[in-house]
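A.B. asks: In the order they appear, the protein sequences are chains X and E. Its first residue numbered 1, the first sequence is counted upward by one per residue in my numbering. Its first residue numbered 1, the second sequence is counted upward by one per residue in my numbering.
2 protein chains.
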Amino acid sequence: MTEIQDKYELILSSSRKLIEEIGFSALTMDKVAQKAGIAKGTVYLYFKDKDDLLEKVLSSGFEKMFERIKTRVGNESGAFNKLKSLINENIKHIYENRYFFKTIFLDEVNVVFLKKKSKESYNLRRKRYTDYIAGIIKSGMESGEFKNDLNYSKSAYMLVSLIKTGAIYNFLNGMFDLTSDMIEKDTEEILNLFMRGISVK
Amino acid sequence: MTEIQDKYELILSSSRKLIEEIGFSALTMDKVAQKAGIAKGTVYLYFKDKDDLLEKVLSSGFEKMFERIKTRVGNESGAFNKLKSLINENIKHIYENRYFFKTIFLDEVNVVFLKKKSKESYNLRRKRYTDYIAGIIKSGMESGEFKNDLNYSKSAYMLVSLIKTGAIYNFLNGMFDLTSDMIEKDTEEILNLFMRGISVK
DNA sequence: CATTATAATGACTTAATAGTCATAATTCAA
DNA sequence: TTGAATTATGACTATTAAGTCATTATAATG
Numbered sequence: 001m002t003e004i005q006d007k008y009e010l011i012l013s014s015s016r017k018l019i020e021e022i023g024f025s026a027l028t029m030d031k032v033a034q035k036a037g038i039a040k041g042t043v044y045l046y047f048k049d050k051d052d053l054l055e056k057v058l059s060s061g062f063e064k065m066f067e068r069i070k071t072r073v074g075n076e077s078g079a080f081n082k083l084k085s086l087i088n089e090n091i092k093h094i095y096e097n098r099y100f101f102k103t104i105f106l107d108e109v110n111v112v113f114l115k116k117k118s119k120e121s122y123n124l125r126r127k128r129y130t131d132y133i134a135g136i137i138k139s140g141m142e143s144g145e146f147k148n149d150l151n152y153s154k155s156a157y158m159l160v161s162l163i164k165t166g167a168i169y170n171f172l173n174g175m176f177d178l179t180s181d182m183i184e185k186d187t188e189e190i191l192n193l194f195m196r197g198i199s200v201k
Numbered sequence: 001m002t003e004i005q006d007k008y009e010l011i012l013s014s015s016r017k018l019i020e021e022i023g024f025s026a027l028t029m030d031k032v033a034q035k036a037g038i039a040k041g042t043v044y045l046y047f048k049d050k051d052d053l054l055e056k057v058l059s060s061g062f063e064k065m066f067e068r069i070k071t072r073v074g075n076e077s078g079a080f081n082k083l084k085s086l087i088n089e090n091i092k093h094i095y096e097n098r099y100f101f102k103t104i105f106l107d108e109v110n111v112v113f114l115k116k117k118s119k120e121s122y123n124l125r126r127k128r129y130t131d132y133i134a135g136i137i138k139s140g141m142e143s144g145e146f147k148n149d150l151n152y153s154k155s156a157y158m159l160v161s162l163i164k165t166g167a168i169y170n171f172l173n174g175m176f177d178l179t180s181d182m183i184e185k186d187t188e189e190i191l192n193l194f195m196r197g198i199s200v201k
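1) Using DSSP with H/G/I as helix, E/B as strand and the rest coil, what is residue 176(X)?
2) Using beta carbons (cut-off 8 Å, strictly below), is residue 14(X) in contact with chain E?
3) Tell me where the alpha helix (DSSP H) around residue 150(E) begins and ends.
4) Please confirm if residue 134(E) has its CB atom under 8 Å from at least one CB of chain X.
5) What three-state label does DSSP hand residue 59(X) in the structure shown?
6) Compare the C-beta of residue 2(E) with all C-beta atoms of chain X and state if any pair is closer than 8 Å.
7) Report, in whole angstroms, the separation of the C-beta atoms of residue 157(X) and residue 138(X), which I expect to be a contact under 8 Å.
8) Using the C-alpha atoms, what's the distance from residue 12(X) back to residue 41(X)?
9) How do the stretch 85 to 95 of chain X and the stretch 50 to 68 of chain X stand: do at least 3 beta-carbon pairs fall below 8 Å, yes or no?
10) If you reduce the DSSP assignment to three classes, tell me which class residue 199(E) lands in.
11) Might you give, ordered along the chain, the residues of its own chain that have their beta carbon closer than 7 Å to the beta carbon of residue 159(X), omitting 5 neighbours on each side?
12) Measuring alpha carbon to alpha carbon, tell me which of 24(X), 162(X), 136(X) ends up nearest residue 78(E).
13) Where do the ends of the alpha helix (DSSP H) carrying residue 24(E) lie?
14) Hey, residue 127(E) and residue 171(X): beta-carbon distance below 8 Å or not?
15) What distance in whole Å lies between the Cβ atoms of residue 20(X) and residue 283(X), which are believed to be in contact at a cut-off of 8 Å?
16) Can you tell me where the alpha helix (DSSP H) holding residue 80(X) begins and where it ends?
17) Note down the Cα distance separating residue 93(E) from residue 164(X), rounded to an integer number of angstroms.
18) Hey, how far is the Cα of residue 182(X) from the Cα of residue 35(E)?
19) In whole angstroms, what is the alpha-carbon distance linking residue 104(X) and residue 58(X)?
20) Report the neighbours of residue 6(X) on chain E: residues whose CB is nearer than 9 Å to its CB, in chain order.
21) Please report the residue range of the alpha helix (DSSP H) in which residue 48(E) lies.
22) From 53(E), 50(E), 51(E), 129(E), pick the residue whose C-alpha is nearest to that of residue 64(X); which is it?
23) Using a beta-carbon distance below 8 Å, is residue 21(E) in contact with chain X?
24) Using a beta-carbon distance below 8 Å, is residue 190(X) in contact with chain E?
25) Of all the residues that make up the stretch 89 to 102 of chain X, which are near chain E by a beta-carbon distance shorter than 7 Å?
26) From 46(E), 140(E), 175(E), 155(E), pick the residue whose C-alpha is nearest to that of residue 154(X); which is it?
27) Considering only the alpha carbon of each residue, which of 82(X), 190(X), 198(X) lies closest to residue 146(E)?
28) Looking only at its chain, what residues have a beta carbon closer than 8 Å to the beta carbon of residue 178(X), apart from the 5 residues adjacent to it on each side?
29) What's the gap between the Cα of residue 6(E) and the Cα of residue 37(E)?
30) Any C-beta of chain E sitting closer than 8 Å to the C-beta of residue 74(X)?
31) For the putative contact between residue 161(E) and residue 161(X), defined by C-beta atoms under 8 Å, what is the C-beta separation to the nearest angstrom?
32) What does residue 145(E) touch in chain X if you count any residue whose Cβ is under 8 Å from its own?
33) Name, please, each residue of chain X whose Cβ falls closer than 9 Å to the Cβ of residue 83(E).
34) Straight-line CA distance for residue 96(X) to residue 180(E)?
35) Cutting at 8 Å between CB atoms, please list the residues of its own chain near residue 43(X), excluding the five before and the five after it.
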């Protein structure tokens, strides 16, 4: 019984290591088996198919993260402190598992279906855009409109992310056909968050 | 010559439509040819390979977006107004091309390599997490710590996005092994942006 | 030790799809 | 008009990788 559990965990951890090394797109069941030092057929004794395996890899990682965050946040009182702890614990988790998250994040960011060369040009284009925004933020810092201690490059990156995240949020909530009013409202919402944040005063 | 350009554009737009309809992962060269009403070999006369085609689809879309944003922003003066216009124009572009962006965004968010069932559970897990954070923000609104007009669900989504984006930013800039000091600094930076934004006062 | 049950194997089958190329259709130039 | 140049075709090849299953090895039982 523990033996079975061990092999299950062995396949999970081998997959995880492989993902860290070669990414999702290059992951094959043959490689998983080889990495775990077992036959391919054995993998199918513990996981229904490749999709099932990947799903289990992701969910086990998520559960671990969620548990540690809830534990940490449970010790805090007040929303501000809870959030502060949450951010801190989340970031810590990410960096403690940075090889895994690097792949998760960069695979997403780089648009996984592209090959190396195209990923590079994709990233270069995005950089041109964030550099452009960073220039605007820098000028705002110099003119005194914006705080003078900002990392303007990173702030630009954040803004692009907020814009994108806002749209994803809408799509996921069935808000697909926006009126121009809703577009204006969204613009104000993001602008407000980026300029003033969510805190009172 | 215009004929060649027409066919080139035909393949591009057909690919784009296909991506909107079936997503990146299901796109095949056979389907592209069929959609364009030409033979597969013809596609290879205008694009080196599949990767080249996808790259051109993405870059042409990006160039259009970038151009319109630069034009719009160029009419504004002052960083605040420029940024406001930029956000607005970017969002407009996204929604005018919403079928395309829906696929781009959701493919990224849903982790493209998973099949439908696993994508659903992946999304459910993320929702559990954002709901959890939303609850904290809601309590902060009720206690008067946070602004009372927030969409706490969306704000939670934004926070998760900021955390993730911060990490991606670091990775892309070679900051892979963070000291605990840097982790604290990152925590403060994100917390500050989310609570107070980048604006002075 | 013998027999049954469980676990593991990896060669093989199947399916999908990227990319090719000999042939055909069309366009162009003299 | 005609022959060369260009463009288009789609059947075919090659590759990759998921998933299967008859066979073998190992463990449990009495």
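Beta carbons: idealized from backbone N, C-alpha and C, even for Gly.
C.D. replies: Result, derived from the coordinates:
1) As a working note, residue 176(X) is residue 176 in the first sequence. Note: residue 176(X) maps to coil in three-state DSSP.
2) Your numbering for residue 14(X) matches position 14 in the first sequence. Not one chain E Cβ lies under 8 Å of residue 14(X).
3) As a working mapping, residue 150(E) is identified with position 150 in the second sequence. For residue 150(E), there is no enclosing alpha helix (DSSP H), as DSSP gives it neither H nor E.
4) What you label residue 134(E) is simply residue 134 of the second sequence in a count that begins at 1. For residue 134(E), the answer is no, since every Cβ of chain X falls outside 8 Å of its Cβ.
5) The residue labelled residue 59(X) in the question sits at position 59 within the first sequence. DSSP places residue 59(X) in helix when its eight states are reduced to three.
6) Translated into the one-based positions of the second sequence, residue 2(E) becomes position 2. Summary for residue 2(E): the model assigns pLDDT 37, below 50, so the residue's position carries little reliability, and this model does not support an answer.
7) Position 157 of the first sequence, counting from 1, holds the residue named residue 157(X). Position 138 of the first sequence, counting from 1, holds the residue named residue 138(X). The beta carbons of residue 157(X) and residue 138(X) sit about 13 Å from each other, so the pair does not count as a contact at 8 Å.
8) Residue mapping note: residue 41(X) aligns to position 41 of the first sequence, counting from 1. Residue mapping note: residue 12(X) aligns to position 12 of the first sequence, counting from 1. Cα to Cα, the separation comes out at about 15 Å.
9) They touch, by the three-pair rule.
10) Locating residue 199(E) in the second sequence gives position 199, counting from the first residue. Looking at residue 199(E) - three-state DSSP - the assignment turns out to be strand.
11) In the first sequence, counting from the first residue as 1, residue 159(X) sits at position 159. Within the same chain, 133, 194 come within 7 Å of residue 159(X) by CB-CB distance, once the 5 residues on both sides are set aside.
12) By 1-based counting over the second sequence, the position of residue 78(E) is 78. The shortest C-alpha to C-alpha distance from residue 78(E) to any of 24(X), 162(X), 136(X) is the one to 136(X).
13) Numbered from 1 along the second sequence, position 24 holds the residue referred to as residue 24(E). First-last for residue 24(E): undefined, no H or E at that position.
14) Translated into the one-based positions of the second sequence, residue 127(E) becomes position 127. Translated into the one-based positions of the first sequence, residue 171(X) becomes position 171. For residue 127(E) and residue 171(X), no; Cβs fall outside 8 Å.
15) Residue coverage of chain X in this structure runs from 1 to 201, which leaves residue 283(X) outside it and unanswerable.
16) For the purposes of this step, residue 80(X) is taken as the residue at position 80 of the first sequence. In this chain, the alpha helix (DSSP H) harbouring residue 80(X) covers 79 to 96.
17) On the second sequence, residue 93(E) is found 93 positions in, with the first residue counted as 1. On the first sequence, residue 164(X) is found 164 positions in, with the first residue counted as 1. Distance between the alpha carbons of residue 93(E) and residue 164(X) is about 12 Å.
18) Translated into the one-based positions of the first sequence, residue 182(X) becomes position 182. Translated into the one-based positions of the second sequence, residue 35(E) becomes position 35. Going from the Cα of residue 182(X) to the Cα of residue 35(E) covers about 34 Å.
19) Working through the first sequence from its first residue, we reach residue 104(X) at position 104. Working through the first sequence from its first residue, we reach residue 58(X) at position 58. Roughly 10 Å between the two C-alpha positions.
20) In the first sequence, counting from the first residue as 1, residue 6(X) sits at position 6. None at all; the shortest Cβ gap to chain E is about 24 Å.
21) Taking the first residue of the second sequence as 1, we reach residue 48(E) at position 48. Counting along the chain, residue 48(E) falls outside any alpha helix (DSSP H), and DSSP gives it neither H nor E.
22) Your numbering for residue 64(X) matches position 64 in the first sequence. Minimum Cα distance to residue 64(X) is reached at 129(E).
23) In the second sequence, the residue the question calls residue 21(E) occupies position 21. Put simply, the CB of residue 21(E) is far from chain X, with every gap to its CB atoms at 8 Å or more.
24) The sequence position of residue 190(X) within the first sequence is 190, counting from 1. Taking Cβ atoms only, chain E reaches closer than 8 Å to residue 190(X), which makes this a yes.
25) Under the 7 Å Cβ criterion, the stretch 89 to 102 of chain X contributes 90, 91, 92, 94, 95, 98, 101, 102.
26) Along the first sequence, one-based indexing puts residue 154(X) at 154. Residue 175(E) is the option with its Cα nearest to residue 154(X).
27) Translated into positions along the second sequence, residue 146(E) becomes position 146. Of 82(X), 190(X), 198(X), the residue nearest in Cα terms is 198(X).
28) Position 178 of the first sequence, counting from 1, holds the residue named residue 178(X). Closer than 8 Å at Cβ, skipping near neighbours: 170, 186.
29) Counting from one through the second sequence, the residue named residue 6(E) turns up at place 6. Counting from one through the second sequence, the residue named residue 37(E) turns up at place 37. A straight-line Cα-Cα distance of about 13 Å links residue 6(E) and residue 37(E).
30) One-based indexing of the first sequence puts residue 74(X) at position 74. With 8 Å as the cut-off, residue 74(X) does not count as an interface residue toward chain E.
31) As a working mapping, residue 161(E) is identified with position 161 in the second sequence. As a working mapping, residue 161(X) is identified with position 161 in the first sequence. Contact holds; Cβ gap of about 5 Å.
32) In the second sequence, the residue the question calls residue 145(E) occupies position 145. Within 8 Å Cβ-Cβ: 78, 79, 80, 199, 200.
33) As a working mapping, residue 83(E) is identified with position 83 in the second sequence. Those are 133, 136, 137, 140, 159, 191, 194, 195, listed as they occur along chain X.
34) Here residue 96(X) is taken as the residue at index 96 of the first sequence, counted from 1. Here residue 180(E) is taken as the residue at index 180 of the second sequence, counted from 1. Each residue's Cα considered, the two are about 11 Å apart.
35) Position 43 of the first sequence, counted from the first residue, corresponds to residue 43(X). Taking residue 43(X) as the centre and dropping the five residues before and after it, the same chain places the C-beta of 11, 29, 32, 33, 36, 53 closer than 8 Å to its C-beta, in chain order.
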